[in-house]
Each structure stands twice: as structure tokens, then as C-alpha cells.
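Participant: For reference, the structure I am asking about is given below.
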Amino acid sequence: MTKFKFEPIFHLAKRTDIDWKKSWGIRLAAFILSILACAVVSTLISDRSFGFFFENFFKAFNTPQKLWNFFHDTAILLIIALAVTPCFKMRFWNIGGEGQILMGALGSAVIITFMGGKYPDPATIILSLVLSLAFGIVWAVIPALFKAKWNTNETLLTLMMNYISVCIVDYFIKSEASSGTGTMSFDKGVVGPIGNNEFILKIILVAIVTIFMVVYLRYSKHGYELAVVGESEKTARYIGINTKKVIVRTLILCGAICGLIGFMLVSATNHSINTASTVAGKGFTGVLISWLGHFNPLGMLLCSFLFVFIDRGATQVSTYARLGASYPDMMTGIFFFFIVATEFFINYKILPTHHFKKKAKAEEVEEDTTETEQTEDVLAETVPTLNENVVEDTNSAVTEAEDTATPVVENTKEVE
Amino acid sequence: MFVTLITQAIRFGVVFLYGSTGETIVEKSGHLNLGIPGIMCMGAIGGCMGANIATKAGSGAFGVILATIFFAMLMAGMMGAVYGFFTITLRCNQNVTGLIITTFGAGTLGFWGSMMGREGTTFFESSKVFTAPMFGEVGSDWFSTIFLSHGVLVYVGIVIAIIVAIVLKHTRTGLSLTAVGENPGAADAAGIKVIKYKYTACILGAAISGIGGAFYLLDCTRGSLEYVIEAMGWLAVALVIFSLWRPNIGILGSFIFGLLYILPNYVEGVGFAEKEILKIVPYAVTALVLIVISFFNKKETQPPAGLGVNYFREER
């Protein structure tokens, strides 16, 4: 008697050649599925009907004001994701965007508190921008220096610094604001609306930063260097890149953009500062967006667009059905689960194992399509230099061939 | 005054202890689970539901406690399994998955809490079981007050931490788990079932952290729903570093964190704003510990070498 042994019927292989149309198609499908899942969950946990969810969901986008809000939120999320992207490309896991933005916000708040109303507004605005940038840079460079010098774990250090910054800002608010609500409001020395539209300035700023980042990451020497450091630190050292310098330089850029975001949030959006609502977890969401967009600015734009779509829609539903302020968080959580799970299907493919294939052949089951796919892969690896036509020719030869690897090589030799 | 402070510090510290013990197990397997705050929230939901079900069914104190622990571990373990599925099987980025779980867990707790509030469900009745001193009425001297006057889950938490510390350091299982966290490739070559260890660690670690959330709502707040569990969860993650990945040091560390956490409420003669500065201390100390251990760079005090890197056997 032989002991029964479980043989896996499939195995995983890394996919390297998926075209972008297919991958974004999978993601969009996941997005639609996630909305459906949100609707199902909402129906289950509340006493409302399935249709109620959709009816109210789209009410979040039915007036120009709401649409402007929608675009504005998308832009803010996009720029946060852009700020942390160079760090991730370098495999520097900076999850401290939250704290860096909050410190930037503090920079503006400090200047506006002491100068607002007493000095001309332009001077206040320029100085608050400068201090915001400085605070953001300082908060981002601290973990970078420790990482470069002693290889301190940056994920945990930036996480701790988030909370330190919350405490510092709370300290500032409570020692300067007269009211005990934990919010500090400003009316002087802030950026006002341009031609009755308070959103357009920020959207333009974000567009400029986006273009800058595309150029920086793709076409500049800096962008190339940080990508090499991310791929392999050893390679970077061998080809003469000063990795420490690259880490610090990249984090300065990240901190500067975070500071700019802080300035935008305090001086141009909220006209107030509050540790609970100024950033409100957007720093963490930005990390997720950056990663899900594959560090590609266009992908991030789409991701933040979809995220804000779900978030605003769910907020609207929760207002009508009185589901509470935490309901949108739940829905966006579901959305993220779906999107993250699709990454697996984009990065890996599931193939039947050798054992399973043999069995299938013995039972004379129809020709397996995945098998031919695999032979194509083998072919592509053996003859990477052949042109399209030749590959197609050999493909037809391969499908006729019985065994996998050897005849493929023979065939290609004949073609050559 | 001083005795009350220490007693309360231990009580609140145990919340961090549960979280950090669970997170230590997960991190030992090479997975940095930033979802612990969310998992603790889910554990709190499970624990409260379990406690109420058992109380309504009319079971005794022992039954209520068992039901609470079971449901807390079930809910949290489920989230741990989700985390494991995403990071181990689907090989998604660990930080990203963790942050998603935290968003989802905290959101679910808030939502569930508002639902409970609207229904008028309270947990005060069931919380009596947990706030009652485990050893009955004890003397009022300082020793009995500090060490013997706590509810049952405080002692359970300390016992779990001690067991985990022993298992991690002195058993084959614990050493294998450490090997998986340090170098999964080598562990795999040595015949250790890496995937099995990782899954077990993720689920068990999450389940233990989940009890912490339930403990906070049922003991520390006496059954009133508060939504600060997320912030406490982050402190629990910090405590893992502070304790240098050792749950036995974590017991002492958790009391210190508990003390620092409640200290602002007890200090007199300090302004409203200065109390915020006191709140920095646990985070600042943790950051300092991180920097110091990286500065000395001793093997025994480093984070697991494979922390944050997903294992794919076919990758070189």
C-alpha cells in the first residue's frame, strides 16, 4: 500500500509580458466588482434595498459643486501619492507621508498665526509656503539620514514619526488657539479663491507637479539613479552611484512635496488646522494609491480617481441612510481588497503542474491551451532575437510537436 | 494616588501586551503586519458580540469569558487569515495589505459601534465579568492592589506572553519560526514547511492581538464603546520594537507604555498643551530604540532579516 500523497494540480509562474491594456482591463473589472460587493454588503448590513445603494451613490456627482469637489479630492490624493512614489521606487518604505504633510501644515499654521493680519497677505503666503516646505523636508530627511548612515528600519521609524508629529501639532494648537475644540481657524493671510473658484488653483498646481514627476522619474538622471538603487543596491554601488546621497536627495524631494501639500491643505483648502481632519489618513491612502498605480503617474491618477469615486459615493449613501461616518472607510477597504487581489493575477499566472498534465494526456483530454502558452514562453526565451513572423511560423510548428522543449529548439534552428 | 497610577498602568498596558505579543509572532515569521490596529478593532467587535451572546444565554462568568475569547480570536483570526492569504499566497505588498486591513477594521468598528448605539445595545452588563477582580476581594495594601486586583484577562494576557516567549526561544517550533523569518529560503531547504509556519503565525498572532481589542472595550472602558483602539494598536506595533521582539521584555515594556499612556491624565499642575508633549514620549522612545539598535547593529537585537519581504520559492 502506498501512502496517499497530495499532489498540487497547479503551480504559479511569474508573468512578465502582460500588455497594459489587458492589465488595466482586469483592474477595471475588479473595480466594477468591488462596487457590486459594496452594494451587496450595504444591503446585508442595513435595512435598505440593493437599488437604494446605487440610487444614492450617484447623487454624489449630480451638481457642478460636487463634481469640483470630486476633482479636487482626486487631485489632492494624486499629489500625495506622487510625493511618496520616488521613495517606493527606491524601495524606501516611507509610510510617513501622513506626518510629513502634517508638519508641512504646521509650518503654514505657525506663520499665519504670527503674521496673519499684521503683515501684507502675499508676504504671509510666501513665508508660509517656505516654512511648510522646510518642515516637510526636515521630517522626511530625518529617517533618510538614519537609513543612509545606520540602515535603520525606515518603515517603523516613519510610522513613529507620524505620531510624534500629531502630538507636536496638537501641542501647537492647544497652546495657541483660544477655543478648546482642537481646531485652529484662520481668516487672514490665506490663499483665497481665484475668480470664485477655490479649486482651480490647486488642480493646476497638482497638474504641474504631476508633469514634473513624470519627467523626473522617467527622463532625468536622478530618476534613473533612484530606480537602480531600488532594483539592486549592490548594482548601484558597482556602477558608482552614491546610494546614501540618492536616498537623502530623494527624501528631500518627497518632503518638499509633502510640505507643499500641507501648505495647500491649510492655506488654500481648509483655512484651519486640526490633527484629526487636516490630513485624516490621506497620507496612508496615498501610499496605497502609489503602490496600486505601479508608481506610474497615470496609473495613480486612475487609482485615486476610482478611490475618490467610491469614497464620495459611499459618503453620500451613508448620509441618506444614516449609516455613520465610518461607513465609507469600510467601503473603501472592500475596494482596496479587490484591487490588491487583482495584482496577483496580473503578476502571476496559474499553470497546471507537470504531474497533472501527464495525467491529462494519458486520459486523452483535449489539448490544453495553457500548455501551448507555456511552450510559447519557452520559445520566447530560447530565441529572443527572432522577429514576429518567424515566431508565428515556429508557433504552428510547436503546436504540432508532441514534446515541449527539445523540438522547439530544433524547429527554430531550422528556421534560422 | 501612586498605587492607583501603577494599577491603571498595568491594566492599560495589557492592551498593548496582547497586541505586541501577537505582532511579535507575526513579525517572527517575516511578515510586518501593519493591520494589527484594524485586527484589534475586529477582535473588539467579536469579543463584545461573544460576551453579549453568552450573557443573554444566561451562562456563568466562565462561559462568558470563554465565549468572549473565542469570538475575539475568531474575528481577529479571520482578518489574520485574510492578511496571510494576501501576503503569503497572493504575495501582495505587506505594508499595503496591512494598511488596508487597518482602514477596513477601524471603519468596521466605527460602523458597528454606531449600529449598536442606535439599537441601544450596551455591554456594561457583560463587562462586569471582566472588571471583577480575579482573586476576589483582596486586601487594600499596595501589593494586593497593584498585582492582585485585576480582572481575569490581565492575567491571561501575561500568561500568554510568557508562554509565547518560552516557545519562541526554547522550542523547536519557535526556532523554526525564527528561521523562517530570518531566511525563508534556507529554512525551506532545511525542510521546514515555510508556508505552513507563515500561515500559522499570521492567524495565531492576529487572534492573540484580537483579544486585546476585546479586553480594552470590556475591561478598560467598562463596556462603553470607544474608538481609540486604532491608536492603541499603533502603540502595540511600537512596543514590538521596544521589546526587541521578545514578549517577556514586552510585559515590562507594556507596563511602561501603559504608564506613559495614562500619565497625562494623572499629572497635576501641567497645562492643557503640555500634556500633548507627554504623549510623544512612547513614540519618541520607540524611535530612539530603533535608532540605537541599528547603531549598535548586534545580531540579537535586529528585526528579523526577512521582515517585509514575501517569499517566492522560484525566485532567486
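Same order as they appear, the protein sequences are chains A and B. Heads up, the first sequence is in the working numbering, so the first residue is 910 and it goes up one at a time. Heads up, the second sequence is in the working numbering, so the first residue is 13 and it goes up one at a time. Cβ coordinates follow ideal geometry from the N, Cα and C atoms, glycine included. Only a predicted model underlies this, so the values are computations on that prediction, with no experimental measurement involved.
Pull up the distance between the alpha-carbon of B/C60 and that of B/L187, whole angstroms please.
Facilitator: Computed Cα separation, rounded: 35 Å.
Participant: Three-state secondary structure (DSSP) at B/S126?
Facilitator: Helix, per DSSP.
Participant: Return helix, strand or coil for A/Y1257, following the three-state DSSP convention.
Facilitator: Strand.
Participant: Provide the residue(s) that pair with A/A922 in DSSP beta bridges, ordered along the chain.
Facilitator: Note: A/A922 sits in a beta bridge opposite A/K1258.
Participant: List, in order along the chain, the chain A residues whose C-beta lies closer than 8 Å to that of B/K291?
Facilitator: Within chain A, the residues near B/K291 are C1076 and D1079.
Participant: Rounded to whole angstroms, what is the Cα-Cα separation between B/E288 and B/E39?
Facilitator: Roughly 30 Å between the two C-alpha positions.
Participant: Does the segment 1184 to 1203 of chain A come close enough to the segment 1028 to 1042 of chain A to have 3 or more Cβ pairs within less than 8 Å?
Facilitator: Short answer: they don't touch.
Participant: Below 8 Å on the Cβ atoms is my contact criterion, and I expect B/A88 with B/G222 to pass it. Report the Cβ-Cβ distance as a whole number of Å.
Facilitator: The Cβ separation is near 2 Å, so the contact holds.
Participant: Distance check for B/C214 and B/L319, CA to CA, integer angstroms please.
Facilitator: B/L319 and B/C214: Cα-Cα distance of roughly 13 Å.
Participant: Express the C-alpha separation of B/L229 and B/W124 in angstroms, rounding to a whole number.
Facilitator: So the alpha carbons of these two residues sit roughly 13 Å apart.
Participant: What separation, rounded to the nearest whole angstrom, lies between the Cα atoms of B/A84 and A/Y1147?
Facilitator: If I take the Cα positions, the gap works out to 52 Å.
Participant: Can you list the beta strand (DSSP E) stretches of 3 or more residues lying completely in the segment 1196 to 1241 of chain A, in chain order?
Facilitator: The segment 1196 to 1241 of chain A contains no whole beta strand (DSSP E) run of 3 or more residues.
Participant: For A/G1242, go through chain B and note every residue whose CB falls closer than 7 Å to its CB, in chain order.
Facilitator: Within chain B, the residues near A/G1242 are I112, T115, F116 and G119.
Participant: Closer than 9 Å, Cβ to any Cβ of chain E: which residues of the segment 1100 to 1112 of chain A, in chain order?
Facilitator: Among the chains of the structure shown, chain E does not appear; the protein chains present are A and B.
Participant: Counting only C-beta atoms, is B/F98 closer than 8 Å to chain A at any point?
Facilitator: For B/F98, the answer is yes, since a Cβ of chain A falls inside 8 Å of its Cβ.
Participant: Helix or strand or just coil, what does DSSP make of A/I1103?
Facilitator: Strand at A/I1103.
Participant: Can you grab the Cα-Cα spacing for the pair A/L1295 / A/K930, in whole Å?
Facilitator: At A/L1295, the pLDDT of 40 sits below 50, so the modelled position is not reliable; the number obtained from the coordinates is stated separately. Between A/L1295 and A/K930, the C-alpha separation is close to 24 Å.
Participant: Please state whether DSSP places B/S152 in a helix, a strand or coil.
Facilitator: DSSP places B/S152 in coil when its eight states are reduced to three.
Participant: Return the residues of the segment 258 to 285 of chain B that lie within a Cβ-Cβ distance of less than 9 Å from chain A, sorted by chain order.
Facilitator: Listed by position along the chain: G283, F284 and A285.
Participant: Considering only residues of the segment 1041 to 1069 of chain A, which uninterrupted alpha helix (DSSP H) runs meet the minimum length of 4 residues and lie entirely inside it, listed in chain order?
Facilitator: Runs of the alpha helix (DSSP H) inside the segment 1041 to 1069 of chain A: none found.
Participant: For A/T1144, count neighbouring Cβ atoms within 10 angstroms of its own Cβ and tell me buried if that reaches 16, exposed if not.
Facilitator: Flag for A/T1144 reads exposed.
Participant: Could you tell me the distance, in whole angstroms, from the CA atom of A/A922 to the CA atom of A/T994?
Facilitator: Roughly 27 Å separates the two Cα atoms.
Participant: Buried or exposed: where does A/Q1225 fall if 16 or more other Cβ atoms within 10 Å of its Cβ makes it buried?
Facilitator: That one is buried.
Participant: DSSP three-state call for A/M1024: helix, strand or coil?
Facilitator: Residue state, collapsed to three classes: helix.
Participant: For the candidate residues A/F966, A/R924 and A/I988, whose alpha-carbon lies nearest to that of A/A1230?
Facilitator: When each option's Cα is compared against that of A/A1230, the closest is A/F966.
Participant: Along chain A, which residues have their Cβ under 9 Å away from the Cβ of B/W246?
Facilitator: Residues of chain A passing the Cβ test: L1068, M1069, N1071 and Y1072.
Participant: Do B/I261 and B/L302 have their C-beta atoms within less than 8 Å of each other?
Facilitator: Not a contact, by the Cβ cut-off of 8 Å.
Participant: Going along chain B in order, which residues have a C-beta closer than 7 Å to the C-beta of A/A1043?
Facilitator: Neighbours of A/A1043 on chain B: none; closest Cβ ~21 Å, over 7 Å.
Participant: For the segment 1140 to 1152 of chain A, which residues have a beta carbon sitting closer than 8 Å to at least one beta carbon of chain B?
Facilitator: For the segment 1140 to 1152 of chain A, which is checked against every Cβ of chain B, not one residue is closer than 8 Å.
Participant: Does the Cβ-Cβ distance between A/F1081 and A/A1014 come in under 8 Å?
Facilitator: No, Cβ-Cβ distance for A/F1081 and A/A1014 is not below 8 Å.
Participant: Could you give the DSSP three-state label for B/G25: helix, strand or coil?
Facilitator: Of the three classes helix, strand and coil, the one that applies to B/G25 here is helix, per DSSP.
Participant: Do you know whose CA, among B/A144, B/T157 and B/I178, lies nearest B/G163's CA?
Facilitator: Nearest of B/A144, B/T157 and B/I178 to B/G163, Cα basis: B/A144.
Participant: Roughly how many angstroms separate the alpha carbons of A/T1152 and A/F1245, rounded to a whole number?
Facilitator: Cα-Cα distance, rounded: 33 Å.
Participant: Which of the residues in the segment 1177 to 1198 of chain A, read from start to end, lie with their CB under 9 Å from any CB of chain B?
Facilitator: Cβ contacts with chain B come from G1190, F1193, T1194, V1196 and L1197.
Participant: Please identify, using Cβ separations under 7 Å, the residues of the segment 983 to 1017 of chain A that lie next to chain B, in order along the chain.
Facilitator: Hits within the stretch, in order: W1002 and I1004.
Participant: What do you get for A/I1166, buried or exposed, if any count of 16 or more other CB atoms within 10 angstroms of its CB means buried?
Facilitator: The residue is buried, with at least 16 neighbouring Cβ atoms inside 10 Å.
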